[in-house]
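Working notes for the structure below.
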Amino acid sequence: MKKSLIKNYAKLIVRKGVNVQPNQNVIIICDLDQIEFTHYLVEECYKCKAKSVEVRWKDQTIEKLNYKYQTVESLAHYPEHKLKEQEYIVKTNPCMINILSADPDGLKGVDHKKMARVRQIIYPILKPYNDERENKYQWVIAGVPSAKWAKKVFPHLSKSKAVEALWEAILKTSRADGLDPIKAWDEHNTKLKEKMDYLNSLNLDSLHYTNSLGTDFTVGLLEDVLWEAGAEKTLGTNIIYNPNIPSEECFTSPDKNRMDGVVYSSKPLSYQNQLIENFHLVFKQGKVVEVHAEKNEELLKQMISMDEGASHLGEVALVPFDSPINNTGILFYNTLYDENASCHLALGVGFTNLVKDYEKYTLDQLFEKGINNSMIHVDFMIGTKDLNIVGKTKNGEEIAIFKDGNWAF
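Taking my numbering, the leading residue of the sequence shown gets 760, the next gets one more, and so forth.
Here it is as C-alpha cells:
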C-alpha cells in the first residue's frame, strides 16, 4: 500500500475524525502491531498544534494471559493512582483516538463470565467520571489492518496479500483512497444530512421492520429525540468531529419500553473478540425475553444480562443495503465496518445528546425521557436486500422508509 495513502488516512482520522484543536491533549489507543501508523497519527496531531499526545498500547495475548491467571478481584481492582488519572482526564478532556486492529478470534477461550463480572465491578467505579465527560470531548474509532485480522477476512490469501487487501478495503470504505479524503468526507456528510433532515421532518412515532429471514419487529420512537448522522458537535465548545470512520448511518435512540416482535441477525456479531453467529432476539414491551444463537448463545445471554438496560435497545440505525461497505462483498468481522454495511440495532445505552435541547437537562432527566441506560452498547446487523421498513407518524400516516433493503425516498 502506498505510504502517501496511509498518511492521508491518518490525516483524515486526526483532522476530520477527532478534529484536534490547538493546545488540546490527545490519547491514542492502539495495538502493539500498529507502531508505524501510530507514528503518523502522533505527528499529525502535533501538526494540528496538539499540546501533548499520549499513546496507550494494547495486546490481546497479554489481555488473555491476565484473564487466565488473575482473579476477578485482582482484575477489577482500581487503585488510587488510576482514580487520580480519571480525575485528570475529566479536568483536561483529551481527544480520544481508538485504532482497531484486533484479531476477531483473539480472546477465544477466555471465560466470558469472568470478563463480564470484571466489567460489572469496574463500571460503577468509572461511571461518575464518564458521565462528567459525556458529550464534552472529541473521539474517533477507525481501523488499521493487522495480519491476524486480515487473514480472518481473507483466509485464502498469503499474510502479506491479505493485509494489502484489507488496507484497500478500509481505505475505500473510509473514502480515503482518493487524493482528498477530507473533501470526500465533507461531501458525504452533506448527503447524510439530507437524509437526516428528512427523517426529522416526518415526526415518526414508530418503525416496522420485515424481511424473509423472519424479522417482524416494531420499535417505538420518542417525541423529543432527533435523528443524527455523520458529524457531531461537542457540548459547550461546539467542535465538529466525526466519531466513526467509516460511517453510513442515520440513527436515533428509541423508546426503551416500546419494542415488540422478533428480529434476526444478518451478520455475525463480534463481542469481546468472540463471534456470535446466526442469532435472533424476541422483544416484548421493550425487553429481550428470548434469545437463540447457533454459535455462542451463552455469550449472547451473558451480554443481555450485564445490567437492566442491556436487554433493551439504545439505538436504531438506517443504512442502505447498497452501501459502499456492503458492496465490497466483504465480511469484516468487525462491528465498526459491518454495522455500516446495512441496517443495525444496538442493545444498551442510548444517545442522550439526541434529545432536543439536551444541554438543559441532567443525565438522569434525559434517561427518564425514555433513553436507555446501560454499561454496554453493542451493535448488531439486521439489514438484508429484502428488508422493508414502514414508518408510522404521530397522526397515523404510514410512510415507506426502506424498500428492498434501500432508502424508499
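Ideal Cβ positions, reconstructed from N, Cα and C, are used throughout, including at glycine.
From a predicted model like this one, the values you see are computed outputs, not experimental measurements.
Apart from the 5 residues on each side of it in sequence, F976 sits with its Cβ closer than 6 Å to the Cβ of Y968, G1020, V1022 in its chain, given in chain order.
In the DSSP assignment, A1105 forms a beta bridge with E1074, D1138.
Rounded to the nearest angstrom, the Cβ distance from H1103 to V1078 is 7 Å, consistent with a contact under 8 Å. Here DSSP, grouped into helix, strand and coil, assigns E1056 to helix.
Here I1130 carries a coil assignment [DSSP, helix/strand/coil]. By the neighbour-count definition (other C-beta atoms within 10 Å, threshold 16), N1093 is a buried residue.
The residue from N1032, L985, D936, S933 with its alpha-carbon nearest to that of L958 is L985. Cα atoms of H871 and L1059: separation of roughly 10 Å, rounded to the nearest angstrom. Taken atom to atom, the span from the alpha-carbon of K1153 to that of E982 is near 9 Å. For the set M1140, E1156, W908, the Cα lying nearest the Cα of L972 is the one of M1140. Here the alpha carbon of T1011 sits roughly 28 Å from the alpha carbon of Y768. Under a 10 Å Cβ-count criterion, P914 is classified as exposed, with fewer than 16 other Cβ atoms of the shown protein chains found around its own Cβ. In this structure, the straight-line span from the alpha carbon of V903 to that of N894 is close to 26 Å. Here DSSP, grouped into helix, strand and coil, assigns A901 to strand.
Setting aside the 5 residues that flank it on each side, F1110 is surrounded in the same chain by S1012, each with a C-beta closer than 6 Å to its C-beta; the list follows chain order.
When secondary structure is reduced to three states using DSSP, S811 falls in the strand class.
Beyond the five residues adjoining it in sequence on each side, A928 comes within less than 6 Å, by CB distance, of T1087, I1089 in the same chain, given in chain order.
In the DSSP assignment, no residue is bridged to D939. Residues of the same chain with a CB within less than 7 Å of the CB of M955, apart from the 5 flanking positions on each side, are W986, E987, A988, C1009 in chain order.
Here DSSP, grouped into helix, strand and coil, assigns I998 to coil.
Pairwise C-beta distances place the stretch 851–862 in contact with the stretch 784–791, as three or more of them are shorter than 8 Å. Here the C-alpha atom of I998 lies approximately 12 Å from the C-alpha atom of R774.
Just measuring C-alpha positions, the residue of V1050, K1046, I1135 sitting nearest M1018 is K1046.
DSSP lists V978 as the bridge partner or partners of M1018. Note on I794: under 16 other CB atoms within 10 angstroms of its CB, so exposed under the neighbour-count rule. Here I1084 is actually not in contact with P1027; their C-beta atoms are around 15 Å apart, not less than 8 Å. Ranking S933, Y888, K867 by CA distance to the CA of K850 puts Y888 first. C-alpha of D1081 to C-alpha of L966: approximately 20 Å in a straight line. Within the model, the alpha-carbon separation for Q1031 versus I1158 is close to 38 Å.
When C-beta atoms of the stretch 795–814 are compared with those of the stretch 871–881, fewer than three pairs fall below 8 Å, so the two segments do not count as touching. Per DSSP, reduced to three states, the secondary structure at L963 is strand. Assigned with DSSP and collapsed to three states, N1112 falls in helix. Here L963 really is in contact with G1150; their C-beta atoms are around 5 Å apart, less than 8 Å. With 16 or more other Cβ atoms inside 10 Å of its own Cβ, L800 counts as buried.
In the structure shown, the three-state DSSP call for K817 is strand. The beta carbon of V1048 is closer than 6 Å to those of V1041 in its chain, skipping five residues each way along the sequence.
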